[in-house]
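full-length UniProt numbering applies: residue 1 is where the sequence shown begins, and numbers increase by one. Here a beta-carbon is modelled for each residue, glycine too, at the ideal position from N, C-alpha and C.
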Amino acid sequence: MFKVDLEKTSVTYQLPEGMAEKMVRLAYPDETLISSEVIAGGCANLNIKIQLENQNKPLILRVYLRDKDSADREQKLSALLKGHLPVLLTRYIGEFEGHHFAITEFISGISLRDLLLGAVTHDLSSIMHEVGLILSKITAHEFSEAGFFDKELEVVPYESSDVIKFAKGCLNDKTVLSVLDPSVIAEIKKAIEQHASSVPTIVIYNEVCV
Numbered sequence: 001m002f003k004v005d006l007e008k009t010s011v012t013y014q015l016p017e018g019m020a021e022k023m024v025r026l027a028y029p030d031e032t033l034i035s036s037e038v039i040a041g042g043c044a045n046l047n048i049k050i051q052l053e054n055q056n057k058p059l060i061l062r063v064y065l066r067d068k069d070s071a072d073r074e075q076k077l078s079a080l081l082k083g084h085l086p087v088l089l090t091r092y093i094g095e096f097e098g099h100h101f102a103i104t105e106f107i108s109g110i111s112l113r114d115l116l117l118g119a120v121t122h123d124l125s126s127i128m129h130e131v132g133l134i135l136s137k138i139t140a141h142e143f144s145e146a147g148f149f150d151k152e153l154e155v156v157p158y159e160s161s162d163v164i165k166f167a168k169g170c171l172n173d174k175t176v177l178s179v180l181d182p183s184v185i186a187e188i189k190k191a192i193e194q195h196a197s198s199v200p201t202i203v204i205y206n207e208v209c210v
């Protein structure tokens, strides 16, 4: 029960008062922010549902707490998959006082966490069938080699040592340090060191990875 026992969605980063409105004003200088509401459940980023005076539908102000380049990757991936999947298009990407953020479209629905942990019954086989269809559409987009996407959606090849470096870097993230006990982090680092030689070298696949 990882999501119940370990996933710390209740730990929410708080923006300084008035900052969300200032971010929105950068993207929509002539609009008035009517309302804002933090969407609970995010693990890596802060998502705020906003409503502007002259917009028919709400939008999402997404503040990136870890990887600032994620906004650019998400924007380009959404544009790539638009028309094939119900993805959210990014309207604006910006930075304000060291905070990287984006304003994206909003789609009403239920989060995967709420679906898995909620009391509402659901047809798992039907859901997995839909997941399979979505994955098949994603893998229709091919790239020349495997690796990590940079902010321009260019593939950066990786080696096994890069994976180890990435894993160690995650453990030094301020959000991780604020949530996990130092003894737990130490045990994870120990396990990484012990099994570093088992991390496979690169295997070439050329489908899009998200």
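- Distance from the CA atom of F149 to the CA atom of G132, rounded to whole angstroms, is 23 angstroms.
- Every unbroken stretch of the alpha helix (DSSP H) spanning 4 or more residues and falling wholly within the UniProt domain "Aminoglycoside phosphotransferase" (38-194) is given here in chain order: 70-81, 112-117, 124-138, 160-171, 174-179.
- A check of alpha carbon separations from S35 across A44, L46, K57 identifies K57 as the nearest.
- In this structure, the beta-carbon distance from A27 to G94 falls below 8 angstroms.
- With fewer than 16 other CB atoms across the displayed protein chains lying within 10 angstroms of its CB, F166 is exposed.
- Contact annotation: I103 and L153 have beta-carbon atoms that are not nearer than 8 angstroms.
- Within its own chain, the residues whose Cβ lies closer than 7 angstroms to the Cβ of L171, once the five positions on either side in sequence are excluded, are I185, I188, K189, listed in chain order.
- Following the DSSP letters along the chain, one finds E21 inside the alpha helix (DSSP H) bounded by residues 19-27.
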